[in-house]
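**Q** Below: one structure in structure tokens.
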Amino acid sequence: MLLKRFLSESALDRWISTPKQITLRDTFSVERLSDLYITLPTRDGGRVRPFAIAPPALSSPLGFGSHLAFFHPRNPERDLRADGTDAEFCPPGFTRRMWAGGRMRWSPDDPLVVGSRATSHSSIGAVEKKGFDGGSPMIFVKQHIEVTTDGQATPSVVEERSHVYLQQPLPKKSPRKGSSQSHIFEFE
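Structure follows, in structure tokens:
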């Protein structure tokens, strides 16, 4: 079957069978966490006076989900997809990405802490094709992410993200213009 936008299923199957992984390093800096707290004032409990939020203290544990503000690939804009996302884990020919679910597990023994340096290792766990027979192809991509603080042997956070990728819809036909000089309509 030939997919919309002239992408063959064999090209897609090659993409699926090629291992993909990204390793990124970052520091849980006070400055970036302060930006997160100002943007989402409930992150530190400072909802009453959002502009008087105290910066996070060094060596204090990060709040659940705060790691999402870190570990972003730093790609030039010209290398990003039309929706502004990194193309590394995106199947070719599928330009629309939606969140389909996920889960996170935090280690109670090795929390992420403010000021620490960590490594995020991301890989594709599974890829599933759906809707190809019905003419509405979708690709489900499950990404596995482990965040490990420097000096630790086990990850502090293990996350799974599921995204569904769709193709860009074909352009809709525009309505024809008519003239209404009487009850007879002529279309151009």
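Heads up: the sequence shown runs through residues 1 to 188, numbered per UniProt numbering.
Ideal Cβ placement from N, Cα and C applies to all residues, glycine included.
Only counting the same chain, and skipping five residues up and downstream in sequence, which positions put a Cβ closer than 6 Å to that of ASP79?
**A** Excluding sequence neighbours, ASP79 sits near nothing in its chain.
**Q** In this structure, how does DSSP classify PHE51 when only helix, strand and coil are distinguished?
**A** Interpretation of PHE51 is limited by its pLDDT of 49, a score under 50 that renders its predicted location unreliable; the figure taken from the coordinates is listed afterwards. In the structure shown, PHE51 sits in a helix (DSSP, three-state: H, G or I).
**Q** Between the region 100-115 and the region 146-159, can you find at least three pairs of beta-carbon atoms closer than 8 Å?
**A** As far as the Cβ criterion goes, the region 146-159 touches the region 100-115, which means the pair count is three or higher.
**Q** I'd like the span of the beta strand (DSSP E) that includes ASP26, first residue to last.
**A** ASP26 -> beta strand (DSSP E) spans 21-27.
**Q** Excluding sequence positions up to five away, which residues of its chain have a Cβ less than 8 Å from the Cβ of THR149?
**A** Result list for THR149: ASP110, LEU112, VAL113, SER116, ARG117, ALA118 and SER156, in chain order.
**Q** For PRO169, which residues in the same chain have their Cβ closer than 6 Å to its Cβ, ignoring the five residues on either side in sequence?
**A** Correct list: empty, nothing qualifies.
**Q** Quick check on the burial criterion: 16 or more other C-beta atoms within 10 angstroms. Buried or exposed for residue 189?
**A** This structure cannot settle anything about residue 189, because the visible part of the chain is limited to 1 through 188.
**Q** Smallest Cα separation from GLN21: which of ALA54, ALA126 and GLY93?
**A** Comparing Cα positions, the closest option is ALA126.
**Q** Would you kindly check if the distance between the Cβ of ARG81 and the Cβ of HIS163 is under 9 Å?
**A** Cβ distance not < 9 Å, so HIS163 and ARG81 don't count as in contact.
**Q** Would you mind sorting LEU58 into buried or exposed? The rule is 16 or more other CB atoms within 10 Å of its CB.
**A** The residue is exposed, with fewer than 16 neighbouring Cβ atoms inside 10 Å.
**Q** Within 10 angstroms of the Cβ of SER8, are there 16 or more other Cβ atoms? Answer buried if so, exposed if not.
**A** Under this definition SER8 is an exposed residue.
**Q** For the alpha helix (DSSP H) that VAL30 lies in, which residues bound it at each end?
**A** Taken as a continuous stretch (DSSP letters only), the alpha helix (DSSP H) holding VAL30 covers 30-39.
**Q** Would a C-beta distance cut-off of 9 Å place PRO61 and SER34 closer than the cut-off?
**A** Against a cut-off of 9 Å, the Cβ pair of SER34 and PRO61 comes out as no contact.
**Q** Pick out whichever of ASP86, HIS67, GLY93 and SER10 has its Cα sitting closest to the Cα of VAL30.
**A** The candidate whose alpha carbon is nearest that of VAL30 is HIS67.
**Q** Alpha carbon to alpha carbon, how far is GLY135 from GLN167?
**A** Going from the Cα of GLY135 to the Cα of GLN167 covers about 11 Å.
**Q** Using three-state DSSP, classify ARG14 as helix, strand or coil.
**A** Of the three classes helix, strand and coil, the one that applies to ARG14 here is helix, per DSSP.
**Q** Out of ILE139, ARG32, LYS172 and PRO91, which has the shortest C-alpha to C-alpha gap to HIS72?
**A** Nearest option by C-alpha distance: ARG32.
**Q** Thinking C-alpha only, which one of MET138, GLU146 and SER120 is nearest ARG25?
**A** If we check each option's Cα against that of ARG25, SER120 comes out closest.
**Q** Count the other CB atoms, across all protein chains shown, that sit within 10 Å of the CB of SER10; report buried if there are 16 or more and exposed otherwise.
**A** With fewer than 16 other Cβ atoms within 10 Å, it is exposed.
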